[in-house]
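Asks: Take a look at the following structure, please.
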Amino acid sequence: MGEITFMKGNEALAEAAIRSGLQGYFGYPITPQSEVIEYLAQQKPKHNYVLIQAESELAAVNMLYGAAGAGGRVMTTTSSPGFSLMQEGISYIACTELPCVLVNVVRGGPGLGTIQPSQGDYFQATRGGGHGDYYTPVLGPNSVQEMVDHVYLAFELADKYLTPVVILSDGAIGQMMEKVILPEPIQYKPNKPWATTGKTVDRERKILTSLFIQSEVMEKRNLKLQEKYKKIKENEVRFEEYQIDDAEIIVVAYGLCSRISKKVVEFGREAGIKMGLFRPITLWPFPLKQLEEIASKDRVKFFISIEMNAGQMVEDVKLAVLGKKPVYFYGRLGGIVPTPEETFNAIKEKLN
Amino acid sequence: MKDGYKLIYKRPKTLLSTRMHYCPGCFHSTIHKFLMEVIEELEIQDKTIGVCPVGCSVFAYDYLDIDMQEAAHGRAAAVATGIKRILPDRIVFSYQGDGDLAAIGTAETLHACNRGENFTFIFINNGIYGMTGGQMAPTTLEGQKTTTCPYGRETADSGMPMKMAEIISQFEKVAYVERVSCDTPANARKAKRAIKKAIEFQMQGLGTTFIEVASNCPSGWKCTPEESLKWLEEQVFPYFPLGVFKEPAKRRQ
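Sequence lines, in order, name chains A and B. Sequential numbering from 0 applies to the first sequence in numbering that gives the first Met the number 0. Sequential numbering from 0 applies to the second sequence in numbering that gives the first Met the number 0.
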């Protein structure tokens, strides 16, 4: 049994990283996630991890690459503009196949945008984000508890598939305080035979690179990555359903919007409208099959995706539904969080 | 002495016998050899991790029989930082060119030096972008012609060539900075000595060590290897003087 406490999302995530056996953290302060590095700096004397406040997110992600390659259990956290800067490194890390965790506590964009919560980085996170053909598993926590649980899960997936894993949170989940159960610390015993730790006489040298200048070799590495992504799609899809069994209207939402949408479903049920909530937990791989199955049910009238952006995940919902049912969208932009009332009204409009 | 022959020269065991892609007359291969000789002599092959950059030495890991990581263009100092911090008892070096270290990676370079990261920079300054076909570098000399300054570098446009050894030596936590070359046997021996000293200082945990090699690029400079040595002596050394810019204070007895 873990420890029950009351914590801010960003700090809970930092504490979870420590308990997961964090060996290195590299980051650059940016609102609304600076509490992560502050918390780790505060706790550092009690632990044995490396902590560097880097000169930029570019430097941070490349320190992460070096440290991951040296065999460390390592993490960085940032918010949207910083996550854009990190894309270069993520592409290299994905191709080199190094395990690490990156957290994006999303704020409103584009550009310098705002420091308020947003889901505007969905496309960037779920489509790789950087150059080249790659994906990263993307987890979408919707509570402070999941800010903790997803750190454990992210490190586990990173080690299992040798891939960077992204936690796509937002400014509200990062800043809000909730009850949280902190699991017991892990005694992390890494088994990383590929790590560059120095060539001993009994082994060949280890080269960590994403450079394969011959097209045939580069294609081979690409196919290896695609094979891995196929496995991840088969085995790691996670989602949650709420009142779906008899639902005629399927609200699809992740992260903070799934919390709002749960309330919306309750409004609907009180008004005699059979609504249900489908919540993707892994945003990549996206629960395509599960949504397609729901779309095949005769009782289902339409889907509506609720997001804090101009409509990004709705494209994945459409891909899943494959035209079987109408797919609508409602969202707010620029750091505004939709209220359950306005969201409910938007859904009611579609009923008419 | 064996069968009347005396071994006076050999390839270090730490240097693989792979055929190098470097152009004839280029110093890269010489510096590779010195670095690997030092690693062999100090018996640190099992402790050494190198970081390759983007540039002519992007394939360095094909030649060096040690663990290596490839860095994105300009990020070698950040990658080396990550490795050294996770494995502080290992010997780490970054091997970078002028475009990598002094243009796209200036921020990473300066901040690693400012933190006094305890690894060694091997900085090959040949005043040009060799790998991409001879474009202007931050270290291209005033008036020097390249494919992107075909009429010669205009300092009004592009500023002055950056003197990295001089800049780096200003940082408090940097232990050792020397600019060397390989244009003569005497200078080549000095270059090897400097690399060895840098690695030894790193082993002693003294802070950042930085070896700048005033190097050549016959292909990019569009001249013969021999002419490139003359250019070094007449044009490069007056602006980029060889010598020690910073070294650890001598320990008192």
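We put the CB at the ideal spot given by N, CA and C, even for glycine.
Taking DSSP as the reference, what is the three-state secondary structure of GLU183 of chain A?
Replies: Residue state, collapsed to three classes: coil.
Asks: Between the Cα of ALA294 of chain A and those of A:ILE212, A:LYS323, A:GLU233, A:PRO98, spot the shortest distance and give me the residue it belongs to.
Replies: When only C-alpha atoms are compared, the closest one is A:LYS323.
Asks: Against chain B, with Cβ distances strictly below 8 Å, would THR75 of chain A count as a contact?
Replies: Cβ-Cβ to chain B under 8 Å: no for THR75 of chain A.
Asks: Just mark SER16 of chain B as buried or exposed, buried being the case when its beta carbon has 16 or more other beta carbons within 10 Å.
Replies: When all chains shown are included, SER16 of chain B counts as exposed.
Asks: Sorted by chain position, which residues of the same chain lie with C-beta nearer than 8 Å to GLN252 of chain B's C-beta, five sequence neighbours on each side aside?
Replies: Any reading at GLN252 of chain B must be qualified, since the residue scores a pLDDT of 47, below 50, and its modelled position is unreliable; the value itself is stated next. The answer is none, since no qualifying residue turns up.
Asks: Is it right to say TYR8 of chain B is buried, meaning 16 or more other beta carbons lie within 10 angstroms of its own, or is it exposed?
Replies: Under this definition TYR8 of chain B is an exposed residue.
Asks: DSSP three-state label for PRO116 of chain A, please.
Replies: Here PRO116 of chain A sits in strand by DSSP.
Asks: Do ILE17 of chain A and GLN41 of chain A have their CB atoms nearer than 8 Å?
Replies: For ILE17 of chain A and GLN41 of chain A, no; Cβs fall outside 8 Å.
Asks: Would the region 25 to 45 of chain B and the region 68 to 76 of chain B be scored as touching if the rule is three or more Cβ pairs under 8 Å?
Replies: No, the region 25 to 45 of chain B does not touch the region 68 to 76 of chain B.
Asks: Between the C-alpha atoms of GLN225 of chain A and ILE231 of chain A, what's the straight-line distance to the nearest angstrom?
Replies: Taking the straight line from one Cα to the other gives about 10 Å.
Asks: Report buried or exposed for ALA13 of chain A, applying the criterion of at least 16 other Cβ atoms within 10 angstroms of its Cβ.
Replies: With 16 or more Cβ atoms within 10 Å of its Cβ, ALA13 of chain A is classed as buried.
Asks: Any beta carbon of chain B sitting closer than 8 Å to that of LYS347 of chain A?
Replies: False, the Cβ-Cβ gap to chain B never drops below 8 Å.
Asks: How would you call SER227 of chain B, buried or exposed, if buried means at least 16 neighbouring beta carbons within 10 angstroms?
Replies: It is buried - the Cβ of SER227 of chain B has at least 16 other Cβ atoms within 10 Å.
Asks: Show which residues of chain A have a CB atom less than 7 Å away from the CB atom of THR47 of chain B.
Replies: Residues of chain A passing the Cβ test: GLY197.
Asks: Whose CA, out of B:ILE127, B:PHE26, B:THR80, B:MET135, lies closest to the CA of ARG188 of chain B?
Replies: When each option's Cα is compared against that of ARG188 of chain B, the closest is B:PHE26.
Asks: Tell me the start and end of each unbroken alpha helix (DSSP H) in the region 70 to 132 of chain A that is at least 4 residues and wholly inside, in chain order.
Replies: Counting only runs of 4 or more, we get 79 to 95, 121 to 125.
Asks: Below 8 Å on the Cβ atoms is my guess for ALA11 of chain A versus VAL179 of chain A; work out the distance and round it to an integer in Å.
Replies: Between VAL179 of chain A and ALA11 of chain A the Cβ distance is about 5 Å, and since that is below 8 Å, they are a contact.
Asks: Applying the 10 Å Cβ sphere with the 16-neighbour rule, what's the burial state of THR119 of chain B?
Replies: THR119 of chain B comes out buried.
Asks: Residue ranges of each alpha helix (DSSP H) run of no fewer than 4 residues wholly in the region 45 to 113 of chain B, ordered along the chain?
Replies: Listed in chain order, the complete alpha helix (DSSP H) runs (minimum 4 residues) inside the region 45 to 113 of chain B are 75 to 85.
Asks: Is ASN125 of chain B closer than 8 Å to SER28 of chain B when the C-beta atoms are compared?
Replies: No, they are not a contact pair.
Asks: Along chain A, which residues have their Cβ under 7 Å away from the Cβ of GLN201 of chain B?
Replies: Going along chain A, no residue has its Cβ under 7 Å from GLN201 of chain B, so there is no contact; the nearest lies around 14 Å.
Asks: Please identify, using Cβ separations under 8 Å, the residues of the region 0 to 21 of chain A that lie next to chain B, in order along the chain.
Replies: Per Cβ criterion, the list is empty.
Asks: Do you know offhand how far MET19 of chain B's Cα is from ASN221 of chain A's?
Replies: Approximately 27 Å, taken between the alpha carbons.
Asks: At a Cβ cut of 9 Å, what residues of the region 52 to 77 of chain A count as close to chain B, listed as they run along the chain?
Replies: Listed by position along the chain: ALA53, GLU54, SER55, LEU57, ALA58, ALA59, VAL60, ASN61, MET62, LEU63, TYR64, GLY65, ALA66, ALA67, GLY68, ALA69, GLY70, GLY71, VAL73.
Asks: For my contact list, LEU6 of chain B and THR196 of chain A are in at a C-beta cut-off of 8 Å; report their separation, rounded to the angstrom.
Replies: Going by Cβ atoms, the distance from LEU6 of chain B to THR196 of chain A rounds to 33 Å, so no, they are not a contact pair.
Asks: Between VAL57 of chain B and chain A, is the shortest Cβ-Cβ distance under 8 Å, so that the two count as touching?
Replies: It does; some Cβ of chain A falls within 8 Å.
Asks: Please report the straight-line C-alpha distance between SER168 of chain B and GLU177 of chain B, rounded to a whole angstrom.
Replies: Looking at the two C-alpha atoms, the distance is approximately 9 Å.
Asks: If you compare alpha carbons, which of B:MET67, B:THR139, B:VAL57, B:GLY115 is closest to PRO247 of chain B?
Replies: PRO247 of chain B has its Cα closest to that of B:GLY115, out of B:MET67, B:THR139, B:VAL57, B:GLY115.
Asks: Does DSSP put CYS148 of chain B in a helix, in a strand, or in coil?
Replies: Three-state result, CYS148 of chain B: strand.
Asks: Where are the alpha helix (DSSP H) runs, 4 residues long or more, that stay fully inside the region 239 to 287 of chain A, in chain order?
Replies: The region 239 to 287 of chain A contains these whole alpha helix (DSSP H) runs: 254 to 269.
Asks: For THR208 of chain B, write down the residues that DSSP places opposite it in a beta bridge.
Replies: B:THR119, B:TYR175.
Asks: Using a Cβ-Cβ distance cut-off of 8 Å, determine whether LEU207 of chain A contacts chain B.
Replies: Judged by the 8 Å Cβ criterion, LEU207 of chain A is in contact with chain B.
Asks: Kindly confirm or deny that the region 88 to 102 of chain A and the region 148 to 164 of chain A touch, where touching means at least three C-beta pairs closer than 8 Å.
Replies: Output reads yes: the region 148 to 164 of chain A touches the region 88 to 102 of chain A.
Asks: By how many angstroms is the C-alpha of GLU348 of chain A removed from the C-alpha of GLY334 of chain A?
Replies: Straight-line Cα distance between these residues: approximately 24 Å.
Asks: State buried or exposed for ILE103 of chain B, treating a residue as buried only when at least 16 other CB atoms are found within 10 Å of its CB.
Replies: So ILE103 of chain B ends up on the buried side.
Asks: Leaving out five residues on either side along the sequence, give the residues of the same chain with a beta carbon under 8 Å from the beta carbon of ASP132 of chain A.
Replies: Excluding residues within five positions, the ones whose Cβ falls inside 8 Å are ASN221, LEU224, GLN225.
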